[in-house]
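Here's the structure we're looking at; comments come further down.
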Amino acid sequence: MEKYILSIDQGTTSSRAILFNKQGEIIATAQEEVTLIYPHEGWVEADALVIWISVVNVVNECLIKANATWANIDSIGITNQRETTVVWDKKTGKPIYNAIIWQSRQSSSICASFADKKELIHKKTGLLINPFFSASKLKFILDNNPGSRERAKKGELLFGTIDSWLIYRLTNGAVHATDTTNASRTMLYNIFDLKWDEELLELFDIPKQMLPKVNPSVYDYGAATYFSKKVKILGVAGDQHASLFGHTCFKEGECKNTYGTGCFMLMNTGSKAILSKNGLLTTIAWNIDNKIVYALEGSVFIGGAVIQWLRDGLKCIGSAPEVDGAALSVKDNGGVYFVPAFVGLGTPYWDDDVRGSIFGMTRATTEHHICRAALESIAFQSKDVFDVMEKESNIKLKSLQVDGGASNSNYLMQFQSDILQINIEKPCCTESTALGVAFMAGYKSKFFGSFESMSKMRCIAKLFKPSIDKKSAQNACKKWELAVKSARTFKP
Ligand code: ADP
Numbered sequence: 153m154e155k156y157i158l159s160i161d162q163g164t165t166s167s168r169a170i171l172f173n174k175q176g177e178i179i180a181t182a183q184e185e186v187t188l189i190y191p192h193e194g195w196v197e198a199d200a201l202v203i204w205i206s207v208v209n210v211v212n213e214c215l216i217k218a219n220a221t222w223a224n225i226d227s228i229g230i231t232n233q234r235e236t237t238v239v240w241d242k243k244t245g246k247p248i249y250n251a252i253i254w255q256s257r258q259s260s261s262i263c264a265s266f267a268d269k270k271e272l273i274h275k276k277t278g279l280l281i282n283p284f285f286s287a288s289k290l291k292f293i294l295d296n297n298p299g300s301r302e303r304a305k306k307g308e309l310l311f312g313t314i315d316s317w318l319i320y321r322l323t324n325g326a327v328h329a330t331d332t333t334n335a336s337r338t339m340l341y342n343i344f345d346l347k348w349d350e351e352l353l354e355l356f357d358i359p360k361q362m363l364p365k366v367n368p369s370v371y372d373y374g375a376a377t378y379f380s381k382k383v384k385i386l387g388v389a390g391d392q393h394a395s396l397f398g399h400t401c402f403k404e405g406e407c408k409n410t411y412g413t414g415c416f417m418l419m420n421t422g423s424k425a426i427l428s429k430n431g432l433l434t435t436i437a438w439n440i441d442n443k444i445v446y447a448l449e450g451s452v453f454i455g456g457a458v459i460q461w462l463r464d465g466l467k468c469i470g471s472a473p474e475v476d477g478a479a480l481s482v483k484d485n486g487g488v489y490f491v492p493a494f495v496g497l498g499t500p501y502w503d504d505d506v507r508g509s510i511f512g513m514t515r516a517t518t519e520h521h522i523c524r525a526a527l528e529s530i531a532f533q534s535k536d537v538f539d540v541m542e543k544e545s546n547i548k549l550k551s552l553q554v555d556g557g558a559s560n561s562n563y564l565m566q567f568q569s570d571i572l573q574i575n576i577e578k579p580c581c582t583e584s585t586a587l588g589v590a591f592m593a594g595y596k597s598k599f600f601g602s603f604e605s606m607s608k609m610r611c612i613a614k615l616f617k618p619s620i621d622k623k624s625a626q627n628a629c630k631k632w633e634l635a636v637k638s639a640r641t642f643k644p
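Here you go:
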């Protein structure tokens, strides 16, 4: 009987289930949108039960599409949007508040009140104090739901990121656990001691009783009894970590960039946890076979989202794939530079107050130049991350692995290769994140072999090589730097 690994990929806007065979090929996929809730300006929430039901639906649909039964499933891998925070009743499994999505800014004032603890938090967690991470979201829930802190102290309420929430529901409430990569994004987990940090728990006033047990990414989390008594959850990792694993960036210095709504670049730094001075985050890449692998991470807030803005805001393209045609209909960017700082700038600036600006327009400028400059802005922002990554790791990168929706733009990928002056490799499997946790689960069950054999399964669909010289690349980047500087001086 043919066996598959089932990957559950729970993302911000949708849940997906994907079946992989022994060759790491996709057999079937199913996807369902998750409706986000915006109760106030800057707040982003979702109903955690809706998330759970969407997962049940896509798992069933995926099996049906593949004409498979649970007997065909070797094991399960779970990957998820990171940092999103859920608190639920231990007995009933009912959430006491909506899931607060990672992007939500409702805990900004909590973070601001801890500004003097910046150093302490960075030294313990590798993170910068910011409402993205779970700690301030969890404090917000406990502060705003009367009696919840007391109930949590009595062990009646549980906290989890989306992986924990799904593990709890999949095991019918038998297992309350998370994995090291997800724990490392809560801002409550000490990435050096590998423990929930007592001092941070006290600081945020979080009862320890409500925290999940932290397990390695490759681990027997228990059977998904909701579906089948026999099928176990054997791999769990946050989405960006899973993607790094799916790209088989197993060696120190290997690096991937995901071009989604935002861009997330992660570099494997091996057993070294490098604390950045330039706005990179330090995180646990994975924890497998008792070996902790660390990563440096940089984030671009507006990546593919700038293409959505061209479509929905400027309305100069009908759909995202049209952007390449628009960009290539002009011979160059016409001197136009676009800083898409719609929500501030991420690494290395971490500037919340800067806003989007377009520079260098003349009477000859058309929307096609703006499309081209928008695509180029994704590559320039990624280069800013890349440069600090190389500097702080002391590693000269030879190539970059890519994935995510906007990596479908050949113009963007070629331009990225040009300004970085390195090769860009796009893998055959476009689902690196889901493949990452399939690899993890399949490594545990021996469905997949060694790291080496998983690396060999990797194939490159497209290779982009630098097509301009170093000097031209440097000149283009100088103009970008000037544009960023100018955008940052104008604070509306
Ligand atoms: P996420 O996981 O963050 O939702 P995806 O990896 O699904 O993101 O990528 C979605 C993004 O990719 C969108 O912002 C969209 O504008 C962009 N995108 C999709 N296809 C293309 C394309 N052919 N060219 C450029 N951008 C694209």
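FYI, in our numbering the residues of the sequence shown are 153 to 644. Heads up, the beta-carbon is just placed ideally off N, CA and C, and yes, glycines get one too.
Reduced DSSP category for residue i - H, G, I as helix; E, B as strand; rest coil
i      : result
Trp317 : helix
Asn485 : coil
Ser551 : strand
Trp240 : strand
Asn209 : helix
Tyr563 : helix
Asp295 : helix
Lys100 : Because the chain here runs from 153 to 644, residue 100 falls outside it and cannot be looked at.
Glu185 : strand
Cys611 : coil
Ile571 : helix
Phe311 : strand
Tyr156 : strand
Gln533 : helix
Thr231 : strand
Ile179 : strand
Ala375 : strand
Ala220 : coil
Glu197 : strand
Lys631 : helix
Thr641 : helix
Gly387 : strand
Thr410 : strand
Ile225 : strand
Ser167 : strand
Ile620 : coil
Gln162 : strand
Leu281 : In the sequence as presented, Leu is not what sits at residue 281; that position holds Ile. If DSSP states are grouped into helix, strand and coil, Ile281 belongs with coil.
Glu252 : At residue 252 the sequence reads Ile, which differs from the Glu that was named. It is a strand residue.
Own chain residues within Cβ distance below 7 Å of residue i, not counting five before or after
i      : result
Lys305 : Pro359, Gln361
Thr585 : Asp161, Thr231, Asp391, Ala394, Ser395, Gly398
Asp662 : There is no way to answer for residue 662, as the model of the chain reaches only from 153 to 644.
Asp503 : Gly496, Leu497, Arg640
Thr410 : Gln392, Ser395, Phe416, Asp555, Gly556
Trp632 : Tyr489, Phe532
Ala628 : Ile571
Ala335 : Tyr341, Val366
Arg321 : Trp204, Gly245, Tyr378
Thr582 : Asp555
Asn297 : Ile248, Tyr249
beta-carbon residue i near the ligand SAM non-hydrogen atom, thresh 8 Å
i      : result
Ser423 : For the ligand SAM, the structure offers nothing, since it holds only the ligand ADP.
Beta-carbon contacts of residue i that lie in its chain and below 6 Å, excluding the five residues immediately before and after
i      : result
Glu457 : The residue you asked about is not Glu; residue 457 is Ala in the sequence shown. Excluding residues within five positions, the ones whose Cβ falls inside 6 Å are Thr413.
Cys468 : Leu462, Glu519
Gly431 : Thr499, Pro500, Trp502
Same chain, Cβ closer than 8 Å to residue i, neighbours up to 5 away in sequence not counted
i      : result
Thr323 : Tyr373, Gly374, Ala375, Ala376, Thr377, Tyr378, Ile385
Ala251 : Glu197, Ala198, Asp199, Ala200, Ile203, Thr236, Thr237, Val238, Ile314, Trp317
Ile523 : Reading off the sequence shown, one finds Cys at residue 523, where the question assumed Ile. Answer for Cys523: Leu462, Cys468, Ile469, Val475, Ala478, Ala479, listed in chain order.
Within 6 Å of the ligand ADP: residues by beta-carbon to any heavy atom: Gly163, Thr165, Gly412, Thr413, Gly456, Ala457, Ile459, Gln460, Ala472, Pro473, Val475, Gly556, Gly557, Ala558, Asn560, Ser561
Validate contact between the region 250-261 and the region 318-328 using beta carbons, cut 8 Å, 3 pairs: no
Given 8 Å, three or more beta-carbon pairs between the region 156-167 and the region 181-200: yes
Unbroken stretches of the beta strand (DSSP E), 3 residues or longer, contained in the region 413-445: 415-422, 433-440
Those runs of the beta strand (DSSP E) which lie wholly inside the region 316-369 and span at least 3 residues: 329-331, 365-367
Touch test, the region 262-269 against the region 480-498, Cβ-Cβ under 8 Å, three pairs minimum: no
The region 369-386 / the region 590-603 touching (three or more Cβ pairs under 8 Å): yes
Secondary structure, beta strand (DSSP E): runs of 3+ residues fully inside the region 446-525: 489-491, 509-511
Contact between the region 550-566 and the region 374-388 (3+ Cβ pairs under 8 Å): In this structure the region 550-566 does not touch the region 374-388; the number of beta carbon pairs closer than 8 Å is below three.
Continuous beta strand (DSSP E) assignments of at least 3 residues falling wholly in the region 573-603: 575-579
At least 3 beta-carbon pairs within less than 8 Å: the region 438-458 vs the region 492-499: Inter-segment contact for the region 438-458 and the region 492-499 is present: three or more beta-carbon pairs are separated by less than 8 Å.
The region 522-535 contacting the region 440-447, beta-carbon criterion three pairs below 8 Å: no
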